[in-house]
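K.L.:
I am attaching a structure below and will ask some questions about it afterwards.
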Amino acid sequence: MEKQYIVVCDDEYDIRKLMKEIIEDEGYSVITAANEDELLTAIKMHSVFLVFLDIILENENGMDILARLKKDYPDIEVIIITGHGTIDLAVKATKLGAFDFITKPLKIDYISQSIKKIMYVNSLKNENKMLKQKTFIQDEFIGESDEIKKIKDLVKVVGQSDSKVVIYGENGTGKELVARLIHINSHRANNRFVELNCAAIPATLIESELFGYEKGAFTNAFSQKKGLFELASTGTIFLDEIGDMPLEMQAKLLRVIQDGKFTRIGGVETITVDVRIIAATNKNLEEEITKGNFREDLYYRLNVIPIYIPPLRKRKEDIPLLIEYFLSKLKNNNELRIKSFDPDALEVLKSFPWPGNIRQLKNIIDRINILNPSDVVTREFVSSILEGKTQIDIDSYNEADLKSLRESYEKEIIMSRLKKFNFNITKTAQSLDIERTNLYKKLKRYGIQLNGLEE
Ligand SMILES: Nc1ncnc2c1ncn2[C@@H]1O[C@H](COP(=O)(O)OP(=O)(O)OP(=O)(O)O)[C@@H](O)[C@H]1O
Ligand SMILES: [Mg+2]
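Set out below in structure tokens:
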């Protein structure tokens, strides 16, 4: 794990010094800050899990700082430092999200106890998160075909090592799911899984995304930014669509792979990281090498363990299982309208070629569920949906139906964003351009569980 810090923010030098000594004696690393600016700099530069915050700072209102901290960094716990006369303020602070408060004069025992409390709560949270994530993702990997069984076995074996993996498969076959599964089944499961889709971001930004930059490295670099390699430290980095990575970046990536070291853009400091690399592509990398689009040396470095996910049309026996699984998910969310499928309706689904693979199958099942006019799904209805003939006929829907249609699409979009951002509420809300509180409300309304990833 990245080194974790405690910040002491107090305008009195003596208090900062004393607290630093006490906390360091307990074996933690401490940064001191005299005001909000210094506090925020510390948080941006380091991985901070706890802030001791004086509620009455010279020229600044600790309560406002607390509110801002809890909004921007909900995962960082705050313990308020307060004088005797201001205990009611401290109580208010706990309502704003402070974990606890300590009173001046400072008592060593109380400080160390409150840190221990936080460590304990955090360890429970982590454990909970991991357990839930584990069952969540394993349950989700459906399939009994020989190919999928082999992949499941391989994932277990590959999880034991740090070897590089390249996952090959057509669109929507589950490459990302397999990458996450490998991470969850590895000793890195407790640490981060970060991903970069090399095809989705402009070539010019890939480098700063991966390696970060120093303040002033270019016009808009107002502060230092860590790259994904640093953020993934002791965890896993998932390089999606690696076949689309520009050649120039391939050379830079190769260098990091060879010596495990890099520098931030505009920086001089050599950074060493311990990161496991998993890549995925829907391209044939050997062909890309012949075409001059992919570096052969990078290919040999990365392709240590290749995993091939076959398209759905080559493992038709998994289709009924997947349908059952997607329906059971709808049922869990109380959205299931379908009662049953006619056997020949299932046959139609089984014999469809599924160019968009599992993602497409899932979308079609959702669509059938929303649009199917009766409890039983017929062969004719499935065919019309697959041929794209059944469009939403707005006129035939009353208001209630439209609402449920809209909500089911909204829910779908939120779910997919949550997954994309690894259940990070702040990022998901940003990407949907809504407030965090609004997102929470929607999660509640749609009964979306966060799997303990955020409380
Ligand atoms: N074996 C499976 N069991 C259940 N769900 C699956 C399975 N494989 C894939 N899915 C689901 O199908 C969808 C697409 O999977 P995923 O995003 O992992 O595919 P991908 O290969 O990365 O797609 P793309 O090439 O479009 O990036 C996801 O919702 C995923 O959860
Ligand atoms: Mg993908």
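Following the working numbering, the residues of the sequence shown are numbered contiguously, the last one being 455.
Beta carbons are placed, not taken as given, at the ideal position from N, Cα and C, and that holds for glycine.
Predicted, not measured: the structure shown is a model, and the values here were computed from it.
1) Since Glu-144 and Asp-318 are thought to touch, with beta carbons under 8 Å apart, how far apart are those beta carbons, to the nearest angstrom?
2) Cβ of Asp-244 within 6 Å of any heavy atom in ligand 2?
3) Assuming Val-178 and Gly-235 are in contact, meaning their beta carbons sit under 8 Å apart, how far apart are those beta carbons, in whole angstroms?
4) Hey, Glu-140 and Arg-315: beta-carbon distance below 7 Å or not?
5) Would you please verify whether the beta carbon of Leu-330 is less than 7 Å from any beta carbon of chain C?
6) Within this structure, are the beta carbons of Val-377 and Ile-368 separated by less than 7 Å?
7) Leaving out the 5 sequence neighbours to the left and right, which residues in its chain are closer than 7 Å to Ser-396 when beta-carbon positions are compared?
8) Leaving out five residues before and five after Lys-339 in sequence, what residues of the same chain have Cβ atoms less than 7 Å from its Cβ?
9) Buried or exposed for Gln-133, please, with buried defined as at least 16 other CB atoms from any protein chain shown within 10 angstroms of its CB.
10) Grab the span of the beta strand (DSSP E) containing Glu-435 for me, first residue to last.
11) Can you tell me whether DSSP reads Ile-23 as helix, strand or coil?
12) If you run the structure through DSSP and keep just helix, strand and coil, what is Glu-407?
13) Would you tell me roughly how many angstroms separate the C-alpha atoms of Ser-208 and Glu-214, rounded to the nearest one?
14) Below 8 Å on the Cβ atoms is my guess for Glu-69 versus Ile-76; work out the distance and round it to an integer in Å.
15) Taking 6 Å as the limit, name every residue whose beta carbon sits nearer than that to some heavy atom of ligand 2, in sequence order.
16) My parser needs the alpha helix (DSSP H) runs of 4 or more residues fully inside the stretch 214-270; what are they?
17) Between Ala-279 and Leu-302, is the Cβ-Cβ spacing less than 7 Å?
18) Check whether the Cβ of Asn-171 lies closer than 6 Å to any heavy atom of ligand 1, and answer yes or no.
19) Nearest-angstrom Cα distance between Lys-329 and Val-48?
20) Could you name each continuous alpha helix (DSSP H) segment of 4 residues or more that falls completely within the stretch 111-162, going from the start of the chain to the end?
21) Taking 6 Å as the cut-off, is the CB of Gly-356 close to at least one heavy atom of ligand 1?
22) In chain order, what residues of the same chain have a beta carbon less than 7 Å from the beta carbon of Arg-436, not counting five sequence neighbours either side?
23) On a CA-only basis, which of Thr-272, Gly-83, Asp-162 is nearest His-187? Give me that one, please.
24) Any heavy atom of ligand 1 closer than 6 Å to the Cβ of Glu-195?
25) Return the first residue and the last residue of the alpha helix (DSSP H) that Asp-344 is part of.
26) With burial defined as no fewer than 16 other Cβ atoms inside 10 Å of the residue's Cβ, what is the status of Leu-443: buried or exposed?
27) How about Leu-531 and Ile-242: are their beta carbons less than 7 Å apart?
28) How long is the line joining the alpha carbons of Phe-101 and His-183, rounded to whole angstroms?
29) Going residue by residue through the stretch 280-331, where are the continuous alpha helix (DSSP H) segments of at least 4 residues, counting only ones entirely within it?
30) With distances taken between CB atoms, is the gap from Val-91 to Phe-52 smaller than 7 Å?
31) Tell me the rounded alpha-carbon separation between Ile-448 and Gln-250.
32) Does Ser-233 pass the burial test, meaning 16 or more other C-beta atoms within 10 Å, or should it be called exposed?
33) Ligand 1 and Ile-142: does any heavy atom of the ligand fall closer than 6 Å to the residue's C-beta?
34) Can you give the Cα-Cα distance for Leu-39 and Thr-32, rounded to whole angstroms?
35) Can the beta-carbon of Ile-323 be found closer than 7 Å to that of Ile-364?
36) Kindly examine ligand 1 and report whether one of its heavy atoms sits closer than 6 Å to the Cβ of Arg-417.
P.N.:
If we stick to the structure as given:
1) Approximately 7 Å separates the beta-carbon atoms of Glu-144 and Asp-318; this is inside 8 Å, confirming the contact.
2) Outside the cutoff, so no.
3) Rounded to whole angstroms, the Cβ separation of Val-178 and Gly-235 is 17 Å, and the two are not in contact under 8 Å.
4) When the beta-carbon positions are compared, Glu-140 and Arg-315 stay at least 7 Å from each other.
5) The structure shown has no chain C; it contains just one protein chain.
6) Their beta carbons are under 7 Å apart, which means Val-377 touches Ile-368 by this criterion.
7) Any reading at Ser-396 needs caution, since the residue's pLDDT is 48, under 50, leaving its predicted position unreliable; the model's value is listed next. Within the same chain, Ser-396 has no close Cβ partners at all.
8) Apart from the 5 residues on each side of it in sequence, Lys-339 sits with its Cβ closer than 7 Å to the Cβ of Asp-375, Val-376 in its chain, given in chain order.
9) So Gln-133 counts as buried.
10) No beta strand (DSSP E) contains Glu-435, which DSSP labels as neither H nor E.
11) DSSP places Ile-23 in helix when its eight states are reduced to three.
12) Correct three-state label for Glu-407: helix.
13) Approximately 10 Å, taken between the alpha carbons.
14) In the sequence on display, residue 69 carries Leu and not Glu. Going by Cβ atoms, the distance from Leu-69 to Ile-76 rounds to 6 Å, so yes, they are a contact pair.
15) Those residues whose C-beta sits under 6 Å from the nearest heavy atom of ligand 2 are, from N- to C-terminal order along the chain, Lys-175, Glu-176, Asp-240.
16) Counting whole runs of 4 or more residues, the stretch 214-270 contains the alpha helix (DSSP H) stretches 228-231, 247-259.
17) Yes, Cβ-Cβ distance for Ala-279 and Leu-302 is below 7 Å.
18) Relative to the non-hydrogen atoms of ligand 1, the Cβ of Asn-171 comes within a distance shorter than 6 Å of at least one.
19) Taking the straight line joining both Cα atoms gives about 37 Å.
20) The stretch 111-162 contains these whole alpha helix (DSSP H) runs: 146-159.
21) For ligand 1, not one heavy atom lies less than 6 Å from the Cβ of Gly-356.
22) Contacts found: Ile-425, Thr-426, Ala-429.
23) Checking every option, the nearest Cα to that of His-187 belongs to Asp-162.
24) Checking the 6 Å criterion, the Cβ of Glu-195 is out of range of every heavy atom belonging to ligand 1.
25) Taken as a continuous stretch (DSSP letters only), the alpha helix (DSSP H) holding Asp-344 covers 343-351.
26) Leu-443 is classed as buried because its beta carbon has at least 16 other beta carbons within 10 Å across all chains shown.
27) With the chain covering only 1 through 455, there is no way to say anything about residue 531.
28) In a straight line, the C-alpha of Phe-101 is about 38 Å away from that of His-183.
29) Counting whole runs of 4 or more residues, the stretch 280-331 contains the alpha helix (DSSP H) stretches 285-290, 296-302.
30) No.
31) Straight through space, the alpha carbons of Gln-250 and Ile-448 are spaced by roughly 39 Å.
32) Answer is buried; the Cβ neighbour count reaches 16.
33) With a cut-off of 6 Å, the C-beta of Ile-142 is classified as near ligand 1, since at least one heavy atom of the ligand falls inside that distance.
34) Those two C-alpha atoms are separated by around 8 Å.
35) For Ile-323 and Ile-364, no; Cβs fall outside 7 Å.
36) Every heavy atom of ligand 1 is 6 Å or more from the Cβ of Arg-417, so no.
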